[in-house]
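Numbering (this note's numbering), first residue to last: 69 to 361.
So, in structure tokens, the structure goes:
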């Protein structure tokens with residue numbers, strides 16, 4: 069961006085769907101200021117994660133509490149002379165409140181997918197709906213994160229599995245908890261290392277859920293091959309998805325890339341920073357999408 073180019077507007081929203089006879093229905097909102105039908109969306113607050121903004125804006129505009137599943141195409145256009153980028157996710161409607169019309173949105177309506185694609189006022193909204201319509205049904209969602217910062221391995225004198233989060237790591241874990249809550253997990257599952265369990269501690273407190281500890285999400289131990297761990301972790305993630313629940317999982321940096329390569333079926337850059345992660349969507353036992361948080 070040049071000095072004289074206006075700053076890009078960041079926004080986020082969702083293709084919110086609910087089951088209906090013969091398929092699904094999609095939520096659209098009518099804005100009296102523009103006289104248009106559009107997907108619910110809105111601007112990011114300062115420092116806000118786009119996924120959190122998407123869920124918040126959907127709730128504010130449509131009074132629908134929705135659960136994100138798959139990232140959809142980002143839309144780019146100019147608004148009032150400034151470049152604008154809107155990130156979208158497909159979202160399952162989980163609850164609805166009592167919508168009250170106001171000056172921003174005066175009507176919320178649900179339409180079959182093909183009708184919603186025709187009803188929206190802008191071609192870029194229709195393209196996002198078409199991308200949603202092309203997806204197979206999502207049967208399970210797994211939020212996969214790498215443990216937060218835990219100092220340096222070389223400066224810890226005890227067993228490495230006992231290395232705890234440091235101050236930076238606890239801050240990362242606290243920031244991660246609201247993102248975990250967005251997907252409404254039914255279970256929290258962690259590798260056995262202390263730093264992995266601690267990374268999920270704030271989410272466990274927020275959601276009032278126990279943390280299940282499993283060894284097949286751990287990094288290789290002496291004499292163990294990395295491929296063996298990657299295969300075990302991929303199998304565990306697939307098994308969790310087979311339960312058709314939403315699960316949040318914390319694993320380790322030497323495990324996540326190999327596990328994702330096996331689930332996706334190709335080599336790619338799945339390097340994951342500490343405290344970062346992936347939103348994984350499954351259709352049956354097949355990974356449909358792996359989207360960085």
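We put the CB at the ideal spot given by N, CA and C, even for glycine.
Because the structure is a prediction, the values reported are computed rather than measured.
query	result
Limits of the unbroken beta strand (DSSP E) element including residue 314	314-319
Opposing strand residues paired with residue 163 [DSSP bridges]	133
Per DSSP, the bridge partner or partners of residue 126	Paired residue(s): none; residue 126 is not in a bridge.
Through-space distance from residue 345 to residue 241, alpha-carbon basis	12 angstroms
Close Cβ partners of residue 327 (< 6 angstroms) along its chain, the five nearest in sequence each way excluded	298, 301 and 302
Residues that residue 332 bridges to, as DSSP identifies them	Per DSSP, none; premise fails for residue 332.
Exposure label - residue 102; buried when at least 16 CB within 10 Å	exposed
Sub-8 angstroms separation of residue 304 and residue 207 beta-carbons	no
Residue range of the beta strand (DSSP E) that includes residue 98	91-99
Residue 288 in three-state terms, based on DSSP	coil
Residues sharing a beta bridge with residue 221, DSSP	Its beta-bridge partners do not exist; DSSP assigns none.
Cα-Cα separation between residue 159 and residue 83, rounded to whole angstroms	6 angstroms
Alpha-carbon spacing of residue 349 relative to residue 272, whole angstroms	22 angstroms
Every unbroken alpha helix (DSSP H) inside the stretch 207-290 [4 residues or more]	235-250 and 262-275
DSSP three-state assignment for residue 339, whether helix, strand or coil	coil
Distance, residue 200 Cα to residue 154 Cα	15 angstroms
Cβ shell of residue 280 (< 8 angstroms), same chain only, five flanking positions each side left out	255, 256, 257 and 258
Element boundaries [beta strand (DSSP E), containing residue 75]	Segment: none, residue 75 is in no beta strand (DSSP E) and carries neither H nor E.
Span of the alpha helix (DSSP H), counted from its first residue to its last, around residue 296	294-310
Straight-line Cα distance separating residue 289 from residue 134	40 angstroms
Cβ shell of residue 338 (< 7 angstroms), same chain only, five flanking positions each side left out	324, 325, 328 and 329
N-terminal and C-terminal residue of the alpha helix (DSSP H) that residue 199 is part of	191-201
Identity of the residues DSSP links to residue 103 by a beta bridge	For residue 103, which the question treats as bridged, DSSP gives no partner whatsoever.
Outcome for residue 310 when other beta-carbon atoms lying within 10 angstroms are tallied against a minimum of 16	exposed
Assigned secondary structure, residue 175 (DSSP; H/G/I helix, E/B strand, else coil)	strand
Separation of residue 203 from residue 162, as counted between CA atoms	19 angstroms
C-alpha gap between residue 315 and residue 209, whole angstroms	7 angstroms
Residue 121, DSSP secondary structure in three states	helix
Neighbourhood of residue 122 by C-beta, 6 angstroms cutoff - its chain only, sequence neighbours within 5 removed	80, 81, 82 and 157
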